[in-house]
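Asks:
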Amino acid sequence: MELIDTHTHLDFADFDTDRREVLAHSREVGVRRMVLLGVYQQNWQRVWDLVQADEGLFAAFGLHPVYLDDHRAADLTALGDWLSRLRGHRQLCAVGEIGLDYFLEHLDRERQQSLFEAQLQLAADFQLPALLHVRRSHAVVIATLKRIRLARGGIIHAFAGSREEAREYIKLGFKLGLGGAATWPQALRMHKVLAQLPLDAVVLETDSPDMAPAMYPGQRNSPEHLPAICAALADRMGISPSLLAEASTRNACELFNW
């Protein structure tokens, strides 16, 4: 069973003591490829260095809304420079992690919106997918995506919206990222939505080291956990793990042109 982790932060310090072992074991359990996402300008080089050391790793670069207070105006210019320099490189796969976070009330929404739109435009200009962080902001994100259309769509990371919101994203060419959060027993609304999602619209992810699944409570999440996440989600969806894995891998390859 071949799997792709479409959203991981393996560059974070949580993996500094055993990153090589995590990568090796992930491959042993079938996680062949992984996407590492940059979240602020200071970690882009670290992400790229890790990706260059492993042909099964791929990079996305962006300015994450949660780190809004750390971003500077020059960082947008720097992002454009990075994308220009790496244009066409097989291991550059997307713009991300970008988006809107309305859960954290201290984050200025106007600044978030401006940054989000500028990065979506970069994704459009460089003909790349966008990997989106969306927390309590589905309506605004959907409205924005209708104004700034991306030919290659992208992924709604950690999708936890309604069936109707899922339908809107799918119409806009986006895949829905499913991970550990949906494995928890209390995620009742998401369990209902899972059973109604079309298989050609879902991809699997871990968001490691965050969002550990119910099977590993309180632990560091890892790409190694993706097979267990796949099995748990497949059970909720009423299908076999192999069918979900096959669909997710096919969808990710289609999205990233692999």
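Residues in the sequence shown are numbered consecutively from 17, following my numbering. Beta carbons: idealized from backbone N, C-alpha and C, even for Gly. Computed from a predicted model, the values in this text were never measured in an experiment.
Cβ of residue 185 within 9 Å of Cβ of residue 192?
Replies: Position 169 of the sequence shown, counted from the start, is the residue given in the question as residue 185. Position 176 of the sequence shown, counted from the start, is the residue given in the question as residue 192. Yes, the Cβ-Cβ distance between residue 185 and residue 192 is below 9 Å.
Asks: Among the residues of its own chain, which have a CB less than 8 Å from the CB of residue 159, if the five just before and after it don't count?
Replies: For the purposes of this step, residue 159 is taken as residue 143 along the sequence shown, with counting starting at 1. Contacts found: none.
Asks: For residue 186, which of helix, strand or coil comes out of DSSP?
Replies: Within the sequence shown, residue 186 is the residue found at index 170, counting from 1. Helix at residue 186.
Asks: DSSP three-state label for residue 120, please.
Replies: Indexing the sequence shown from 1 puts residue 120 at position 104. In this structure, residue 120 counts as coil in the three-state DSSP scheme.
Asks: Under the three-state reduction of DSSP, which class applies to residue 113: helix, strand or coil?
Replies: What you label residue 113 is simply residue 97 of the sequence shown in a count that begins at 1. Strand at residue 113.
Asks: Would you please state the rounded distance, in angstroms, between the beta carbons of residue 206 and residue 244? I believe it to be under 8 Å.
Replies: Here residue 206 corresponds to residue number 190 of the sequence shown, with the count starting at 1. Here residue 244 corresponds to residue number 228 of the sequence shown, with the count starting at 1. At roughly 17 Å, the Cβ-Cβ gap does not stay under 8 Å, so residue 206 and residue 244 are not in contact.
Asks: With the cut-off set at 9 Å, would you say residue 72 and residue 50 are in Cβ contact?
Replies: Residue 72 sits at position 56 when you count from the first residue of the sequence shown. Residue 50 sits at position 34 when you count from the first residue of the sequence shown. Yes, the Cβ-Cβ distance between residue 72 and residue 50 is below 9 Å.
Asks: How big is the Cα-Cα spacing for residue 85 and residue 125?
Replies: To locate residue 85, count along the sequence shown from 1; it is residue 69. To locate residue 125, count along the sequence shown from 1; it is residue 109. Rounded to whole angstroms, residue 85 to residue 125 spans 12 Å at the Cα level.
Asks: Between 133, 142, 24 and 74, which lies nearest to residue 97 when the distance is taken from Cα to Cα?
Replies: In the sequence shown, counting from the first residue as 1, residue 97 sits at position 81. Among 133, 142, 24 and 74, the Cα nearest to that of residue 97 is on 142.
Asks: Please go through the same chain and pick out, in chain order, the residues whose beta-carbon is closer than 8 Å to the beta-carbon of residue 43, but skip the five residues on each side of it.
Replies: Here residue 43 refers to the residue found at position 27 when the sequence shown is read from its first residue. The residues are 72.
Asks: Please state whether DSSP places residue 96 in a helix, a strand or coil.
Replies: As a first step, residue 96 is located in the sequence shown; it is residue number 80 there, counting from the start. Helix, per DSSP.
Asks: Starting from the N-terminal side, write out each stretch of the beta strand (DSSP E) that is 3 residues or longer and does not extend beyond the region 149 to 183.
Replies: The qualifying runs are 170 to 173.
Asks: How would you call residue 121, buried or exposed, if buried means at least 16 neighbouring beta carbons within 10 angstroms?
Replies: On the sequence shown, position 105 is the one that residue 121 refers to. Answer is exposed; the Cβ neighbour count stays below 16.
Asks: Touch check for the region 51 to 66 and the region 247 to 264: three-plus C-beta pairs under 8 Å?
Replies: Segments in contact, no.
Asks: Taking the Cβ atom as the reference point for each residue, do residue 47 and residue 26 lie within a distance shorter than 9 Å?
Replies: Position 31 of the sequence shown holds residue 47. Position 10 of the sequence shown holds residue 26. No. Outside cutoff.
Asks: The beta strand (DSSP E) spanning residue 141 covers which residue range?
Replies: Along the sequence shown, read from residue 1 onward, the residue named residue 141 stands at position 125. That residue, residue 141, is in no beta strand (DSSP E); its alpha helix (DSSP H) goes 125 to 141.
Asks: Hey, residue 33 and residue 222: beta-carbon distance below 9 Å or not?
Replies: Counted from its first residue, the sequence shown places residue 33 at position 17. Counted from its first residue, the sequence shown places residue 222 at position 206. Taking 9 Å as the Cβ cut-off, residue 33 and residue 222 do not qualify as a contacting pair.
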